[in-house]
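Mapped onto the UniProt record's numbering, the consecutive letters of the sequence shown carry residue numbers 1 to 155. For glycine and all other residues, C-beta sits at the position ideal for the given N, C-alpha and C. Each remark here refers to the structure printed beneath this line.
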Amino acid sequence: MIRVFQQEDRDYVINSHYEIYNQEYQYDLSFRDFIENSVDGFVERSSDDERIWIVENEGQPRGSISIKKVDDHVAQLGLFLVEPVLRGTGYGQRLVQTAIDFCKERGYKSIILWTNSDLVAARRIYEKYGFHLEQTRTTVLSNQTLVEERWEMSI
């Protein structure tokens, strides 16, 4: 099931992102710090125009996604993660659809997101739901050279 984030999910979101990205892509602790700052920002703002959702399976959190307000018309999708044990089960698509539906309800006109070219499965989901690649840039994050991508969709 997909449910709204609760305060006790904070450590799960931070640690699961770090552990999985460290195992799969060798991201370092700076990535964990980035995720921690992002989650804490959501908690501090406590805005009705923003949300984090959690995938829960057999009573355990197993993934997440978020929507952050950029301005009155633009939202940013982030914190998208499905644990390996649930990949291929449709939860990634359900998370993205949940986020899009929330943005429509809140009156946003577009959704942006930043990802990188290595995240092939996520990129396929973004394309399926109507996101378009708008910008690329090479950058160093987590001690790695990455091609960051900015995707956008109108809703």
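Query, Result
"Every unbroken alpha helix (DSSP H) inside the UniProt domain \"N-acetyltransferase\" (1 to 155) [4 residues or more]", "10 to 25, 29 to 45, 91 to 106, 120 to 128"
"Neighbour-count burial assignment, Thr115, 16 or more Cβ in a 10 Å radius", "buried"
"Candidates Ala99, Phe31, Gly41, Cys103: closest to Leu140 by CA position", "First, the amino acid is wrong: residue 140 is Val here, not Leu. The shortest C-alpha separation from Val140 is found at Phe31."
"Same chain only: Cβ atoms within 7 Å of Asn15, ignoring 5 sequence neighbours per side", "none"
"Integer-rounded CB distance, given that Ile54 should sit under 8 Å from Ser38", "Actually they do not touch by this definition, with Cβ atoms about 15 Å apart."
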